[in-house]
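**Q**
Number of protein chains: 2
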Amino acid sequence: MSDHSAEIISVGTELLLGEILNTNAQFLAQELARLGIAHYYQTVVGDNILRLQKAVAIGCERSRLLIFTGGLGPTPDDLTTEALADFFQVPLIERAEVLAEISEKFARRGRQMSPSNRKQALFPVGAEVLPNPTGSAPGMIWQPRPGLILMTFPGVPSEMKVMWQQTAVPYLRSQGWGAAIIYSRTLRFWGIAESTLAEKVADQLALQNPTVAPYAGKGEVRLRISAKAPTEAEALQIIAPVEQQIQAIAGLDYYGSDDDSLASVVGCLLKQAGQTVAVAESCTGGGLGQFLTSIAGSSAYFRGGIISYDNQIKIDLLGVSPDILLQHGAVSEPVAQQMAVGAREQLNATWGLSITGVAGPDGGTETKPVGLVYVGIAGPNGVESHRHQFGESRGRDSIRWLSLCAVLDTLRRKLLQPS
Amino acid sequence: MSDHSAEIISVGTELLLGEILNTNAQFLAQELARLGIAHYYQTVVGDNILRLQKAVAIGCERSRLLIFTGGLGPTPDDLTTEALADFFQVPLIERAEVLAEISEKFARRGRQMSPSNRKQALFPVGAEVLPNPTGSAPGMIWQPRPGLILMTFPGVPSEMKVMWQQTAVPYLRSQGWGAAIIYSRTLRFWGIAESTLAEKVADQLALQNPTVAPYAGKGEVRLRISAKAPTEAEALQIIAPVEQQIQAIAGLDYYGSDDDSLASVVGCLLKQAGQTVAVAESCTGGGLGQFLTSIAGSSAYFRGGIISYDNQIKIDLLGVSPDILLQHGAVSEPVAQQMAVGAREQLNATWGLSITGVAGPDGGTETKPVGLVYVGIAGPNGVESHRHQFGESRGRDSIRWLSLCAVLDTLRRKLLQPS
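Residue numbers (the working numbering), protein chains in the order written: chain V, 5 to 423; chain G, 5 to 423.
Have a look at this one:
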């Protein structure tokens, strides 16, 4: 007997070789949890028609909704659609409207559609096309027999996510899946350790509905508050008072929720205040500017920046004093301050932010080890700088990320509590 | 009939809820590939004894080595050992030496062992203990019947990895597993569609040893060449001629192998030529600088840059003409060219690279839609620019990424084929 549950089947030899992480399975698992759809198994199988069909045979014995990712591309080893049609003994037909759409997408990018892309227009008779607005390979929604739904998605995560949200979720709801829902809110914190926060909110961590669970990673701590209820509105009502308690306990260490980032939160605060920001970056090489401009509409408050990787650029474009550079070195309090002031003045912004540090793996010394970073912040009331020691063992990427978050967090606190 | 292959069974409800990424499966998959152990399936199942046993039943039908991660902790929902013993109808016994070791580990950390930890000393009769030098939960190696090996590991990645390397790998080698190895090289391509490349290298895609498989994502195409041989050196000998053929066929569209990126490849070429680069970024907001400086040692060739997000910055710091801006708009050929020249001159570099475009989601017009990007490149022989239309549907992040890769690829081709 089949459970009324979903199963994720990830197709791709690259997964079996460990070349990529199965982030698609995580995304879909989160989505199924959010929709309150039971989900007991995940399977990974390679680009092999027989083994894929064996996985299908097992999956449709124990689950009623099989969600496939991968194997929809134009090459000979992309064989998910073919394998499914053959397994359920249903012929493939070429869908003219899909073929037209694929060839049009190629044309729009000024490229010729190759003959192998034709294959992506083949679907089993009776399947619905699941449109792929951002890529070339559409998926399908297919009920090959009563009580069994198959959904196929390409392996490219960004394409799969759009297709899931735009088409698959509304379809599932229309079929009565996801009646009770689990709804979650994630609260985000910066500048506090996971264990410290967990002790402060021990009462909330003990709750049953909503549940509160701590996570940590990439320098931030998160608390996920999850409620089970018949509707999203009711779940939110269960979550709201707990969320308020936690925010009150955490104070300024709480910075945002769900999809908020330090860049989006700082952007909102700047917009509200009618203020602007400019950056001067050394070891982050442009990462702070990139993070700030990852937010659509950031041109309202982001002026621009100077990437002063070379010391001469610090002197020429930011007005850092050659004597100070010589005396204190590029990674120092006074240079961070002069960089921040230079960014503010040269780019005519309310705030100037600067970062100078040793990101490693080389370049560390006894007094200035890898992981030592100074951030500067210049504003209407003057300039200040802060020293951070992120530790030698973290690695270049992580040191750079923590550096740019540190200076954004400093600006965030200043904007929330003007001195 | 069982294949002589391995299967990874990841146990944990947190995986089914999407709370964590299954990095353990990726690590083990890479290890199995490295050892040349065939591996056709991965399964994820929750902390539920019946469903776990169903997964075991399926696994031992189709594989001869089942590798479990997770479910070895002290709490009631950790039940991997119990489920396996019950499935194979073998009683559990408490292993005094394991109990002593666990309690000693607690004592060393100044803690009292809790009664629930006692459970971690229970093993099926006949199983070998797989020591866990860095954590409290040991695993096991067990042959419950001839020709079937089970291995259990805790879910904590760092503990699992040490146990795998110190005990599991030597054991497998002693049992004749992993005699041959599979070694892979990944070739990377930019500026060619997956389908076009696949058609050009159709002969290579049909090979058996090595195999050649295409992948695509984030704007690039990759070909993975995998060879099976007794040693890494022999595998490389099998790969080398095919790699050379493919490189010859692809010409300049091939840009690097394995861990190479456009930033690392361009960096190498600049270093060899004793040249430097500076950037002027608008819609990428610093992303090009960040990408170039993600490479350790990039200070040898990266001078810095100007993030000219606001038009006034383009005028003030890059010397873009206000008339040209008014006449053509910021997203235009002449502005891209003036930005590139400005970066080159202001930062005193051999090459100036520029990017100006509409990253979206807003800001597109009839004549300048979202996805339209101009990149500029100024060098010793003058300046040029290129128009790219990445399509409105791709999304902001992707348009920004493709833009910075496009300009790096242009510089790469110039460095390889000086005019």
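Just so it is clear, CB atoms sit at the ideal spot from N, CA and C, and this is done for glycine as well.
Indicate whether the contact test is met: 3 or more Cβ pairs, each with one atom in the region 13 to 20 of chain V and one in the region 43 to 57 of chain V, closer than 8 Å.
**A** Yes, they touch.
**Q** So which residues on chain V does TYR45 of chain G lean against when the C-beta distance must stay under 9 Å?
**A** Looking up residue 45 of chain G in the second sequence gives position 41. The contacting residues are LEU20, THR47, VAL48, VAL49, GLY50, ARG55, LYS58, ALA59.
**Q** Inspect the beta-carbon positions of PHE31 of chain G and LYS165 of chain G and report whether they are closer than 8 Å.
**A** Reading the second sequence from its first residue, position 27 is the one you call residue 31 of chain G. Reading the second sequence from its first residue, position 161 is the one you call residue 165 of chain G. Against a cut-off of 8 Å, the Cβ pair of LYS165 of chain G and PHE31 of chain G comes out as a contact.
**Q** Just how far apart, CA to CA, sit THR414 of chain G and GLN276 of chain G?
**A** Taking the first residue of the second sequence as 1, we reach residue 414 of chain G at position 410. Taking the first residue of the second sequence as 1, we reach residue 276 of chain G at position 272. Rounded to the nearest angstrom, the two C-alpha atoms are 17 Å apart.
**Q** Here's a check: name, in chain order, each residue in its chain whose Cβ is nearer than 6 Å to the Cβ of ALA125 of chain V, leaving out the five neighbours to either side.
**A** Counting from one through the first sequence, the residue named residue 125 of chain V turns up at place 121. Same-chain partners within the cutoff: GLU98, ARG99, VAL102, LEU103.
**Q** Could you list the residues in the region 116 to 143 of chain V with a C-beta less than 7 Å from some C-beta on chain G, going in chain order?
**A** From the region 116 to 143 of chain V, only SER118, SER120, ASN121, PRO137, THR138 have a Cβ closer than 7 Å to chain G.
**Q** Closer than 8 Å, CB to CB, is ALA29 of chain V near chain G or not?
**A** One-based indexing of the first sequence puts residue 29 of chain V at position 25. Yes - at least one Cβ of chain G is within 8 Å of the one on ALA29 of chain V.
**Q** Does any C-beta atom of chain G lie closer than 8 Å to the C-beta of VAL160 of chain V?
**A** Taking the first residue of the first sequence as 1, we reach residue 160 of chain V at position 156. Chain G, which has a Cβ nearer than 8 Å to the Cβ of VAL160 of chain V, makes this yes.
**Q** On the DSSP letters alone, give me the boundaries of the alpha helix (DSSP H) that GLU198 of chain G sits inside.
**A** As a working mapping, residue 198 of chain G is identified with position 194 in the second sequence. Where GLU198 of chain G is concerned, the enclosing alpha helix (DSSP H) stretches over 198 to 204.
**Q** Starting from SER188 of chain V, trace the beta strand (DSSP E) both ways and give me its first and last residue.
**A** Here residue 188 of chain V corresponds to residue number 184 of the first sequence, with the count starting at 1. Counting along the chain, the beta strand (DSSP E) containing SER188 of chain V begins and ends at 185 to 194.
**Q** For VAL133 of chain V, I'd like the list of residues in its chain whose CB is within less than 7 Å of its CB, leaving aside the five on either flank, ordered along the chain.
**A** Along the first sequence, one-based indexing puts residue 133 of chain V at 129. Same-chain partners within the cutoff: ARG99, VAL102, PHE127, PRO142, MET144.
**Q** What first and last residue would you give for the beta strand (DSSP E) that runs through ARG226 of chain G?
**A** By 1-based counting over the second sequence, the position of residue 226 of chain G is 222. ARG226 of chain G -> beta strand (DSSP E) spans 224 to 233.
**Q** Checking contacts by CB at 8 Å: is MET5 of chain G closer than that to chain V?
**A** Residue numbering aside, residue 5 of chain G sits at position 1 when the second sequence is read from its first letter. Bear in mind that the predicted position of MET5 of chain G carries a pLDDT of just 35, short of 50, making it unreliable; the figure below should be weighed with that in mind. It does not: the Cβ of MET5 of chain G has no partner Cβ on chain V nearer than 8 Å.
**Q** Quick one, are the C-beta atoms of GLY380 of chain V and SER358 of chain V less than 8 Å apart?
**A** Here the question's residue 380 of chain V lines up with position 376 in the first sequence. Here the question's residue 358 of chain V lines up with position 354 in the first sequence. Taking 8 Å as the Cβ cut-off, GLY380 of chain V and SER358 of chain V qualify as a contacting pair.
**Q** Please determine if the region 308 to 317 of chain G and the region 307 to 318 of chain V are in contact, where contact requires at least 3 C-beta pairs separated by less than 8 Å.
**A** Contact holds: three or more Cβ-Cβ distances are below 8 Å.
**Q** Starting from ASP306 of chain V, find everything on chain G with Cβ-Cβ shorter than 9 Å and list it in chain order.
**A** Numbered from 1 along the first sequence, position 302 holds the residue referred to as residue 306 of chain V. Just to set this straight, residue 306 of chain V is Phe in the shown sequence, not Asp. GLY289, ILE311, TYR313, ASP314, listed in chain order.
**Q** Terminal residues of the continuous alpha helix (DSSP H) containing PHE31 of chain V?
**A** On the first sequence, residue 31 of chain V is found 27 positions in, with the first residue counted as 1. 27 to 39 is the span of the alpha helix (DSSP H), which, as asked, contains PHE31 of chain V.
**Q** If you measure beta-carbon to beta-carbon, which residues of the region 211 to 225 of chain G are closer than 8 Å to chain A?
**A** The chain labelled as chain A is not found among the protein chains of the depicted structure, namely V and G.
**Q** In the structure shown, what three-state DSSP assignment does ILE295 of chain V receive?
**A** Numbered from its first residue, the first sequence carries residue 295 of chain V at position 291. According to the sequence displayed, residue 295 of chain V carries Phe and not Ile. Of the three classes helix, strand and coil, the one that applies to PHE295 of chain V here is helix, per DSSP.
**Q** Is it buried or exposed, LEU54 of chain V, if we count other Cβ atoms within 10 angstroms and call 16 or more buried?
**A** Numbered from its first residue, the first sequence carries residue 54 of chain V at position 50. Exposed.
**Q** Please confirm whether VAL281 of chain V and ALA172 of chain V have their CB atoms less than 8 Å apart.
**A** Your numbering for residue 281 of chain V matches position 277 in the first sequence. Your numbering for residue 172 of chain V matches position 168 in the first sequence. It is not a contact, given that the beta carbons lie outside the stated cut-off.
**Q** Could you tell me whether the Cβ of ALA33 of chain V comes closer than 8 Å to any Cβ of chain G?
**A** If you number the first sequence from 1, residue 33 of chain V lands on position 29. For ALA33 of chain V, the answer is yes, since a Cβ of chain G falls inside 8 Å of its Cβ.
**Q** Are the region 216 to 232 of chain V and the region 281 to 296 of chain V in contact at 8 Å, needing three or more beta carbon pairs?
**A** In short, these stretches do not touch, since the Cβ pair count stays below three.
**Q** Could you tell me which residues DSSP puts in a beta bridge with LEU134 of chain V?
**A** Taking the first sequence and counting its residues from 1, the one referred to as residue 134 of chain V is at position 130. Partner(s): V:GLY143.
**Q** Please check if any C-beta of chain V sits within less than 8 Å of the C-beta of GLU209 of chain G.
**A** Taking the second sequence and counting its residues from 1, one reaches residue 209 of chain G at position 205. First, the residue type needs correcting, since residue 209 of chain G is Leu and not Glu in the sequence shown. It does; some Cβ of chain V falls within 8 Å.
**Q** Consider the Cβ of ALA37 of chain V: report whether some Cβ of chain G lies at a distance smaller than 8 Å.
**A** Looking up residue 37 of chain V in the first sequence gives position 33. Yes, ALA37 of chain V counts as interfacial toward chain G.
**Q** Under a CB-based cut-off of 8 Å, is ARG68 of chain G close to chain V?
**A** For the purposes of this step, residue 68 of chain G is identified with residue 64 of the second sequence, where counting begins at 1. It does not: the Cβ of ARG68 of chain G has no partner Cβ on chain V nearer than 8 Å.
**Q** Using beta carbons (cut-off 8 Å, strictly below), is GLN350 of chain V in contact with chain G?
**A** Taking the first sequence and counting its residues from 1, one reaches residue 350 of chain V at position 346. Yes, its Cβ sits closer than 8 Å to a Cβ of chain G.
**Q** Please state the DSSP three-state secondary structure of LEU54 of chain G.
**A** Taking the first residue of the second sequence as 1, we reach residue 54 of chain G at position 50. Correct three-state label for LEU54 of chain G: helix.
**Q** For ILE106 of chain G, which residues of its own chain have a beta-carbon under 7 Å away from its beta-carbon, when the five flanking residues on both sides are left out?
**A** Reading the second sequence from its first residue, position 102 is the one you call residue 106 of chain G. Only MET117, ASN121, GLN124, ALA125, SER140 meet the Cβ criterion.
**Q** So, are the CB atoms of TRP181 of chain V and ILE71 of chain V less than 8 Å apart?
**A** As a position in the first sequence, residue 181 of chain V is number 177, starting the count at 1. As a position in the first sequence, residue 71 of chain V is number 67, starting the count at 1. It is not a contact, given that the beta carbons lie outside the stated cut-off.
**Q** Under a CB-based cut-off of 8 Å, is PRO365 of chain V close to chain G?
**A** The sequence position of residue 365 of chain V within the first sequence is 361, counting from 1. Interface residue, yes.
**Q** Buried or exposed: VAL345 of chain V, going by 16 or more other Cβ atoms within 10 Å of its Cβ?
**A** Start at 1 with the first residue of the first sequence, and residue 345 of chain V comes out as number 341. So VAL345 of chain V ends up on the buried side.
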